[in-house]
């Protein structure tokens with residue numbers, strides 16, 4: 001007879017094993033899940049409290065050398081001489097003899113305004129003048145005759161006075177008629193438009209067949225510029241810089257059409273009158289520009305640098321380092337930079353930590369600035385930029 005009191009069918013031994021398994025801790029019973037949770041927790045704690053990555057810094061060296069100080073200004077290129085050619089008479093444009101970019105000489109005919117109405121008025125005024133001249137001849141003869149008769153008392157004083165007044169009135173009428181004829185002759189001449197200067201046609205503002213009215217203001221037909229081989233650059237100089245610029249200083253400038261090329265200029269005038277735009281006060285500076293290659297055109301925007309002086313061998317710091325602002329997380333506990341004019345701060349890296357250097361600044365050429373006072377020396381590497389790992 002088989003004994004089923006123990007074994008795999010739920011005997012006392014199986015019951016003991018099940019109760020022992022239930023008494024084991026949950027971590028031991030589910031050790032795989034527990035291990036995964038610990039790993040995740042460790043990663044979170046590392047990210048939250050572990051060491052932060054330092055930025056990747058860009059450096060430039062402190063140097064020693066001479067420095068040409070410059071003042072930067074922006075402006076617009078323009079012809080040395082620019083003239084608007086207008087019409088002094090009204091009428092239809094019958095002919096146009098020039099177009100954009102055409103070269104013209106002084107006295108060259110540019111356009112012709114229709115003269116039908118002016119010619120009719122001129123013809124009428126001439127006919128009226130002829131009548132007035134005939135009247136004058138008669139009045140003059142009568143006045144002379146009466147002048148002789150009054151001496152012999154053969155005409156009354158009243159008749160003589162009347163004849164004399166008729167003569168003077170006829171003479172005034174001839175003078176007025178002559179003036180009207182001259183006026184219409186002048187208008188007829190003004191219907192032909194001529195170039196007042198040698199130059200080039202910058203703009204044509206009318207078309208053939210268009211009617212212009214010169215009743216209240218002079219309509220502009222053309223804009224002419226003098227020889228574009230000599231141009232001028234009008235720049236706006238900031239009020240803070242105007243004390244260092246003066247006529248005769250040299251300059252260089254760039255334009256958007258040729259960004260990699262510098263053009264030479266010379267400052268010939270700094271106007272005394274100021275101009276204020278959005279609370280910024282500037283003074284107009286005028287430069288002459290050699291444009292013999294005809295690369296430059298009127299209206300181009302230029303960025304100029306005016307040479308205001310030269311410094312001998314000096315310690316120079318890159319301007320990029322003066323503009324650099326370090327991440328706040330990298331300079332905790334560092335005192336604020338001292339204020340005041342002419343002061344600046346740059347940073348070096350020592351033992352993987354940023355170190356500030358407060359310096360007094362001198363002149364600048366727009367790329368580097370003279371260090372007048374400070375602990376920097378040639379060869380020191382100053383920070384110009386910082387990017388966190390993975391940052392483009």
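In full-length UniProt numbering, the protein residues as written are 1 to 392. Even for Gly, the Cβ is constructed at its ideal location relative to N, Cα and C.
Can you check DSSP and say which residues form a bridge with residue i?
i           : result
residue 194 : 109
residue 103 : 200
residue 385 : 58
residue 212 : 91
residue 82  : 225
residue 251 : 265 and 306
Which residue comes first and which comes last in the beta strand (DSSP E) that contains residue i?
i           : result
residue 142 : Premise fails: residue 142 lies in the alpha helix (DSSP H), 116-149, not in any beta strand (DSSP E).
residue 98  : Counting along the chain, residue 98 falls outside any beta strand (DSSP E), and DSSP gives it neither H nor E.
residue 204 : 199-204
residue 345 : 343-350
residue 339 : Here residue 339 belongs to no beta strand (DSSP E), and DSSP marks it neither H nor E.
residue 87  : That residue, residue 87, is in no beta strand (DSSP E); it is neither H nor E in DSSP.
residue 152 : No beta strand (DSSP E) holds residue 152; DSSP gives it neither H nor E.
residue 70  : 63-79
residue 372 : 368-373
residue 376 : It is not in any beta strand (DSSP E) - residue 376 carries neither H nor E in the DSSP assignment.
residue 230 : 230-238
residue 358 : 353-364
residue 220 : 220-225
Going by other Cβ atoms of all chains shown within 10 Å of its Cβ, with 16 needed for buried, is residue i buried or exposed?
i           : result
residue 1   : Confidence at residue 1 is low in this model, with a pLDDT of 45, below 50, so its placement is unreliable and the value that follows should be read with caution. Flag for residue 1 reads exposed.
residue 249 : buried
residue 184 : buried
residue 253 : buried
residue 440 : In the structure as shown, the chain begins at 1 and stops at 392. Residue 440 is therefore absent and cannot be evaluated.
residue 199 : buried
residue 393 : Residue coverage of the chain in this structure runs from 1 to 392, which leaves residue 393 outside it and unanswerable.
residue 3   : Reliability fails at residue 3, whose pLDDT of 48 lies under 50, so the model's placement of it is uncertain and the value that follows must be treated cautiously. Counting Cβ neighbours within 10 Å, residue 3 comes out exposed, since fewer than 16 surround it.
residue 291 : buried
residue 44  : exposed
residue 60  : buried
residue 5   : Note that residue 5 scores 46 on pLDDT, short of 50, meaning its location in the model is unreliable; the coordinates nonetheless yield the value given after this. Burial call: exposed.
residue 222 : buried
residue 216 : exposed
residue 393 : Not covered by the structure: residue 393. The range shown for the chain is 1 to 392.
residue 38  : exposed
residue 55  : buried
residue 370 : buried
residue 123 : exposed
residue 350 : exposed
residue 273 : exposed
residue 187 : buried
residue 73  : buried
residue 167 : buried
residue 100 : exposed
residue 40  : exposed
residue 364 : buried
Query raised in the report: Three or more beta-carbon pairs under 8 Å between the segment 198-206 and the segment 128-146, yes or no?
Result: no
Requested in this report: Counting only runs of 3+ residues fully inside the segment 255-333, write out the beta strand (DSSP E) ranges in chain order.
Outcome: 258-277, 280-290 and 301-318
Query raised in the report: Given 8 Å as the limit, is there contact between the segment 354-367 and the segment 321-340, that is, 3 or more CB pairs closer than that?
Result: yes
Query raised in the report: Would the segment 178-186 and the segment 144-163 be scored as touching if the rule is three or more Cβ pairs under 8 Å?
Result: no
Query raised in the report: So, do the segment 309-324 and the segment 75-83 have three or more beta carbon pairs nearer to each other than 8 Å?
Result: no
Query - contact_flag[the segment 279-297, the segment 334-345] where n(CB pairs < 8 Å) is 3 or more - result: no
**Report entry** the segment 106-114 touching the segment 258-265, judged by at least three CB pairs closer than 8 Å
**Finding:** no
Query raised in the report: With a cut-off of 8 Å, do at least 3 Cβ pairs link the segment 227-240 to the segment 52-70?
Result: no
Query raised in the report: Are at least three pairs of beta-carbons, each pair with one atom in the segment 113-126 and one in the segment 87-100, less than 8 Å apart?
Result: yes
Query raised in the report: Are at least three pairs of beta-carbons, each pair with one atom in the segment 374-383 and one in the segment 298-314, less than 8 Å apart?
Result: no
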